[in-house]
Amino acid sequence: MRSTRTKPALDPAATRLAILDSATKLFAESGFAATSLNRIAQAAGVPKSLVLYHFESKEGLWNAVFQAKGQLIHQVAQAIIDGDPSVTILDLVRAKFHTLQQNPDLVRLMGWMSLENREPNPEIAKRAKKVREVIRSQPERFQSPPGLEPDKYVVILMTAVDGFFRFRNVYERIMACPMTSTESEEEFLANLLALSGPTTQNPAYGL
């Protein structure tokens, strides 16, 4: 007699998360071009049709990975856009630092995005443009060193954070200077912020 038992229904939220996790690991390992939806579906244990149902395309999945991994940065950026007077340039730098510290796959993903010359997530790019416009239009609020425009100051600090996580293992060997321990990570952030002038903690974002 044929079994009448049916497979348990897949939880949509759990399925989406499993796909995102698998995509994050595979994109970080092989980049966008070399990672197929079939491979992602197999790693997540779901049919390819479910991947397309949740994300529509490989491009949509790639963008969703960046959106999911950058939530803290998005929150701080949105607070700047919304005019929260307690949020500063350094809060944005801290958010970027802690995001990369907690998500090493994101460092590799950004490396692939650069190597493959890929366009950024449209939502992230749109938000970043708004943040730049706000910072640029309020130099009295978002202060920077003399002769340096605030928005360009942000780019310099954020690039320093990116470079630290992407190349620290190289400089650790070249300079014989510890850079990959948790202690050295926190020391780098403290020194970077100290170079930027007086700092305060922002408990609203755990920064």
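Numbering (the working numbering), first residue to last: 143 to 349. For each residue, glycine too, the CB sits at the ideal point set by N, CA and C.
Comparing alpha-carbon positions, the option among Pro281, Ala237, Ala185 lying closest to Asp163 turns out to be Ala185. In this chain, the alpha helix (DSSP H) harbouring Leu242 covers 231 to 244. About 5 angstroms separates the CB atoms of Ile277 and Pro292; that is less than 8 angstroms, so the two are in contact. Across the set Ala219, Asp153, Gln243, the C-alpha of Ala219 shows the shortest separation from the C-alpha of Asp233.
Taken atom to atom, the span from the alpha-carbon of Trp254 to that of Phe174 is near 7 angstroms. For Ile231 and Pro189, the gap between their C-alpha atoms comes out near 44 angstroms. Look at Leu290 here: in three-state DSSP terms it is coil, with no helix or strand label.
Short of 8 angstroms from the beta carbon of Arg250, and not among the five residues preceding or following it, lie these beta carbons of its own chain, in chain order: Ala170, Glu171. Between Thr166 and Val207, the CB-CB gap stays under 8 angstroms.
One alpha carbon belongs to Leu299, the other to Ala183, and they sit about 38 angstroms apart. Distances from the CA of Gly225 to each of Asn205, Ala160, Gln280 were compared; the closest alpha carbon is that of Gln280. Secondary structure of Arg278 (DSSP, three-state): helix. Taking 8 angstroms as the cut-off, the Cβ atoms of Lys268 and Thr241 do not count as close. With respect to the C-alpha of Thr177, the residue from Glu261, Leu203, Met321 having the closest C-alpha is Leu203. Rounded to the nearest angstrom, the gap between the Cα atoms of Glu265 and Lys271 is 10 angstroms. Counting the other Cβ atoms within 10 Å of the Cβ of Ala336 gives fewer than 16, which makes it exposed. No residue range can be given for Gln285, since it is assigned to no alpha helix (DSSP H) and is classified by DSSP as neither H nor E.
Thr322 carries a coil assignment under DSSP once its states are collapsed to helix, strand and coil. Per DSSP, Glu258 lies in no alpha helix (DSSP H) segment and is marked neither H nor E.
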